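Visitor: From first to last, the protein sequence lines are chains A and B.
The numbering used here applies: residue 44 is where the first sequence begins, and numbers increase by one.
The numbering used here applies: residue 125 is where the second sequence begins, and numbers increase by one.
Okay, here's the structure, questions in a sec.
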Amino acid sequence: MSEIPSNPEELRFQQTIDAEEKIEPRDWMPEKYRRNLIRQISQHAHSEVVGQLPEGNWITRAPTLRRKAILLAKVQDEAGHGLYLYSAAETLGIAREEMIDDLLSGKAKYASIFNYRALTWADVGAIGWLVDGAAIVNQISLCRTSYGPYARAMVRICKEESFHQRQGFEIMQTLCQGSPAQQAMAQDALDRWWWPTLMMFGPHDAESAHSQQSMRWKIKRQANDELRQKFVDQTVEQARHLGLTIPDPELEWNAERGHCDFGAIDWEEFQRVLAGNGPCNRARMAARRKAQDDGQWVREAMMAYAEKQRMREAGAAA
Amino acid sequence: MTSKHLPLWEVFVRSRRGLDHKHVGSLHAADPEQALQAARDTYTRRQEGVSLWIVRSSDIHASQADDEEAFFDPAEDKIYRHPTFYDIPDELKL
Numbered sequence: 044m045s046e047i048p049s050n051p052e053e054l055r056f057q058q059t060i061d062a063e064e065k066i067e068p069r070d071w072m073p074e075k076y077r078r079n080l081i082r083q084i085s086q087h088a089h090s091e092v093v094g095q096l097p098e099g100n101w102i103t104r105a106p107t108l109r110r111k112a113i114l115l116a117k118v119q120d121e122a123g124h125g126l127y128l129y130s131a132a133e134t135l136g137i138a139r140e141e142m143i144d145d146l147l148s149g150k151a152k153y154a155s156i157f158n159y160r161a162l163t164w165a166d167v168g169a170i171g172w173l174v175d176g177a178a179i180v181n182q183i184s185l186c187r188t189s190y191g192p193y194a195r196a197m198v199r200i201c202k203e204e205s206f207h208q209r210q211g212f213e214i215m216q217t218l219c220q221g222s223p224a225q226q227a228m229a230q231d232a233l234d235r236w237w238w239p240t241l242m243m244f245g246p247h248d249a250e251s252a253h254s255q256q257s258m259r260w261k262i263k264r265q266a267n268d269e270l271r272q273k274f275v276d277q278t279v280e281q282a283r284h285l286g287l288t289i290p291d292p293e294l295e296w297n298a299e300r301g302h303c304d305f306g307a308i309d310w311e312e313f314q315r316v317l318a319g320n321g322p323c324n325r326a327r328m329a330a331r332r333k334a335q336d337d338g339q340w341v342r343e344a345m346m347a348y349a350e351k352q353r354m355r356e357a358g359a360a361a
Numbered sequence: 125m126t127s128k129h130l131p132l133w134e135v136f137v138r139s140r141r142g143l144d145h146k147h148v149g150s151l152h153a154a155d156p157e158q159a160l161q162a163a164r165d166t167y168t169r170r171q172e173g174v175s176l177w178i179v180r181s182s183d184i185h186a187s188q189a190d191d192e193e194a195f196f197d198p199a200e201d202k203i204y205r206h207p208t209f210y211d212i213p214d215e216l217k218l
């Protein structure tokens, strides 16, 4: 709160935010606020879309028809969430094609968690339980973000996301009640997904490039470390219920803090995956590019068909 | 640009009979029929609605935020439009 905006428009803008009112698309806003939001919302949208890939791979391999129907609905939801978010970003004056170009050129980022492989069916459970669980913690906080269209998209997404986490937990629960081999599969999935999930909350706030300004503008409402702590605290009990061991020897309840202490995150791994060198970065981008290229003729045909209908109607009217 | 890309549509959903259609978001589609189908898939996957409207975004004309005061303030000093403005004894149930 140290800087006081000098121009009257910016002052009014900050007062609106401080009064917990929302900023709407046609309101005056600082250019940096607009750019910051476009970056964050489009990154969020790209994450939903790329996030379909690790699980989408398992739709044809789901163990039962029930699981298959559930996974199909979940992956379809992720596509829908991407669309809600692209719509919200578009209200800031950027075209969807531009955002997609930025993703495909590598200029825009997506959540680096989706560069990890889903190796076994237990990974589908772990993704729902942990990755969607972490996403919910973050997204609940974002329901109170200062930009109206983003906040409304978040509310809708949170409503739908809850089933994603629960179906994942249920997969883990079923495996944990199964044979020793199935239990081992569940433990292995937790071992591989735990640390990347903690990285989803982003760097420590002191080292986060965008945190401070985003908090002042209430784009972000809670600090990365605070959200990460919340996730750890609630997940420990769930892991215990499953009979699984979280792969962190330093994980321990701290009565004084009222929170769980946990070990140091390997930020080098985070940076490496973010820079494009995770297990699947290239495969993910190749899949997105192929989808974009393969869809080109469909988009063209849709436009041609609409044009033909228009001509026909114009002809009939004349 | 609009000729090359799929145009933008705004989506309104009536959640049940007796309620208004409410704006829920937007989407891209080539024509109204495709827009309706895409709106169903995008915004009503959980029985959120019984009716959909789609409107070309370019057909929406909005009041300007900058004109907010001049546009809406004239209503501000007409508090006599509200029933609470009038001093009437409570027991009369008026």
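Glycine is no exception: its CB is placed at the ideal position from the N, C-alpha and C atoms.
No experiment lies behind these values; they were computed from the predicted model shown.
Label M44(A) either buried or exposed according to how many other C-beta atoms from any shown protein chain fall within 10 Å of its C-beta, with 16 as the threshold for buried.
Guide: With a pLDDT of 47 at M44(A), under the threshold of 50, the predicted position of this residue should be treated as unreliable, and no value is reported.
Visitor: In terms of alpha-carbon separation, which member of F313(A), A169(A) and L135(A) lies closest to A282(A)?
Guide: Among F313(A), A169(A) and L135(A), the Cα nearest to that of A282(A) is on A169(A).
Visitor: If you measure from the beta carbon of D144(B) to each beta carbon in chain A, is any gap under 8 angstroms?
Guide: It does not: the Cβ of D144(B) has no partner Cβ on chain A nearer than 8 angstroms.
Visitor: So, is L354(A) buried or exposed, given that buried needs 16 or more other C-beta atoms within 10 angstroms?
Guide: A small fix is needed here, since residue 354(A) is Met in this sequence, not Leu. Exposed, because fewer than 16 other Cβ atoms sit within 10 Å of the Cβ of M354(A).
Visitor: Check for me: the beta strand (DSSP E) holding E141(A) runs from which residue to which?
Guide: E141(A) -> not in any beta strand (DSSP E); alpha helix (DSSP H) instead, spanning R139 to S148.
Visitor: Below 7 angstroms on C-beta distance, what does E140(A) contact in chain B?
Guide: Those within 7 angstroms of E140(A) in chain B are H129.
Visitor: What does G149(B) touch in chain A if you count any residue whose Cβ is under 9 angstroms from its own?
Guide: Chain A residues near G149(B): L126, Y127, S130, A131, P192, R195, A196 and R199.
Visitor: In this structure, does DSSP put W133(B) in helix, strand or coil?
Guide: In this structure, W133(B) counts as strand in the three-state DSSP scheme.
Visitor: Excluding sequence positions up to five away, which residues of its chain have a Cβ less than 8 angstroms from the Cβ of R99(A)?
Guide: One detail in the question is off: residue 99(A) reads as Gly in this sequence, not Arg. The residues are V118.
Visitor: Taking R342(A) as part of the alpha helix (DSSP H), name the residues at either end of that continuous run.
Guide: Run containing R342(A): N324 to A360, per the alpha helix (DSSP H) assignment.
Visitor: Can you check whether the CB of N158(A) is closer than 8 angstroms to the CB of R327(A)?
Guide: For R327(A) and N158(A), yes; Cβs fall inside 8 angstroms.
Visitor: Going by CA-CA distance only, name the one from L96(A), E52(A), W71(A) and I81(A) that's closest to A334(A).
Guide: Among L96(A), E52(A), W71(A) and I81(A), the Cα nearest to that of A334(A) is on L96(A).
Visitor: Give the residues of chain A in contact with T166(B), contact being defined as C-beta atoms less than 7 angstroms apart.
Guide: Simply G123 and L126.
Visitor: Let me check understanding here. Comparing Cα to Cα, which of H302(A), L135(A), V275(A) and E52(A) lies closest to R237(A)?
Guide: Before going further, note that residue 237(A) is Trp rather than Arg in the sequence given. When only C-alpha atoms are compared, the closest one is V275(A).
Visitor: Mind reading off the beta-carbon distance from G306(A) to L287(A)? Whole number of angstroms is fine, and I expect it under 8 angstroms.
Guide: About 17 angstroms separates the two Cβ atoms, so there is no contact after all.
Visitor: Taking Cβ-Cβ distances shorter than 8 angstroms, what residues in chain B pair up with Q352(A)?
Guide: Within 8 angstroms Cβ-Cβ: D155.
Visitor: Within 10 angstroms of the Cβ of S187(B), are there 16 or more other Cβ atoms? Answer buried if so, exposed if not.
Guide: By the neighbour-count rule (16 or more Cβ atoms within 10 Å), S187(B) is not buried but exposed.
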